[in-house]
Structures are given as structure tokens and as C-alpha cells.
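Read through the structure below, which is laid out as C-alpha cells, and then see the notes.
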Amino acid sequence: MKAQTSAGRRVQGNDARKRGNVDAAYRALAGTNRRLTKQRRVILAQLARLKRYVTAQELHSRMARSRAPGGLATVYRTLEALRGLGMVTTSSHGDQTTYLLCDSAHHHHAVCIKCGRVDEVPCRSGSNLQRALLRGLRFRLTQHEMKFLGVCARCS
Ligand SMILES: [Zn+2]
Ligand SMILES: [Zn+2]
Ligand SMILES: [Zn+2]
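Heads up, the sequence shown stops at 1499 in the numbering used here, and the numbers go up one at a time, no gaps.
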């Protein structure tokens, strides 16, 4: 993911915060249409449980087997709503887009090369990188991206 580096910004990538965000998203996604609210909650719950990049089609087929089946359009609209809330990030491979529940606060991803699980890693290296690059290269860091690849606890 792309993210801004700002030395003073506190990074809170912990699970408690994440749960708080998911709860906030549940509230934000609630509408007057109870059926639609249920469908949106199913989609959000799937994203929170799967913890990996998924296509809208996969979410749709999972929703079809749930207690609140709905159309693909509902999946797309819900994903857009979550993106608007800063809770979903996307990745594109050719013409395929995949979606991941993702905290809006700056963090990095530890990606399992076996199952695709994505865990969020809080970033504490921002200001150190900034200093090292400025000192070594006179390079002014404005943002950074990092991705950690490896094997998750369940797969090892
Ligand atoms: Zn993330
Ligand atoms: Zn894994
Ligand atoms: Zn970082």
C-alpha cells in the first residue's frame, strides 16, 4: 500500500483499533433498508474473516450462500462505501481488481506466500528512514512503501 510518512503521526495498527473500525463501519453501513444492511454486514464480515485480497465475485458467491443473499451490484456498492470510509484498499492485476479490509492509518502488510493472508504491521521506522536517507543521500523522503513476504502462523 502507499502511505505517507510523517514522523509525528502516531501509528495504531493494533487489533483493538481494527475492531473499533469494523464496528464503526457496521454503523456507517447501516441504512433504513434492513435487508440491504444485512447484506452489507455479511460482506464486511467476510472481508474481516478472510484477511486476504478477494474479488467482488468471490464475495458475491460467499454472500449467495449466506442468510442474506444479494446481487453483485450490492457487493460493488458496499465495497465502494467501505473505500469511501477509508477501510478498503484495492489491488489490480490486469483487468481484475481485488479488495482488502485495510486500516486507513499508516501501516505495512505481512503477506503469507502460501495462503495470501495479510496481517497489518504497525510502522515505527518512518522517522529513522527519513534521517538515514537525508544523511546518506541528502534524499528527502516524502513517503515509503514496504511489503513483508513470508509464511503465516497457520501455514508454518
Ligand atoms: Zn492494510
Ligand atoms: Zn498462510
Ligand atoms: Zn511505514
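We put the CB at the ideal spot given by N, CA and C, even for glycine.
Does residue i come out as helix, strand or coil in the three-state DSSP assignment?
i: T1440; result: strand
i: E1401; result: helix
i: V1354; result: Low per-residue confidence applies at V1354: pLDDT is 41, beneath 50, and the placement is therefore not dependable enough to give any value.
i: A1373; result: coil
i: T1348; result: Bear in mind that the predicted position of T1348 carries a pLDDT of just 43, short of 50, making it unreliable; the figure below should be weighed with that in mind. Note: T1348 maps to coil in three-state DSSP.
i: L1492; result: strand
i: T1289; result: In the structure as shown, the chain begins at 1344 and stops at 1499. Residue 1289 is therefore absent and cannot be evaluated.
i: D1446; result: coil
Can you name the start and end residues of the alpha helix (DSSP H) that residue i belongs to?
i: G1469; result: 1469 to 1480
Could you check which residue in the options has the C-alpha nearest to that of residue i?
i: T1432; options: V1397, I1386, C1445, L1477; result: C1445
i: S1468; options: Q1439, R1460, L1415, M1489; result: M1489
i: T1398; options: R1481, L1443, R1370; result: L1443
i: S1435; options: A1368, Y1396, A1424, Q1400; result: Y1396
i: R1410; options: T1441, K1381, G1427; result: K1381
i: M1430; options: R1408, C1495, S1499, D1366; result: D1366
Count the other CB atoms within 10 Å of the CB of residue i; is the residue buried (16 or more) or exposed (fewer)?
i: R1362; result: exposed
i: G1351; result: Since pLDDT at G1351 reaches only 37, below the 50 mark, its modelled position is unreliable, and the value read off the structure follows with that caveat. Label assigned to G1351: exposed.
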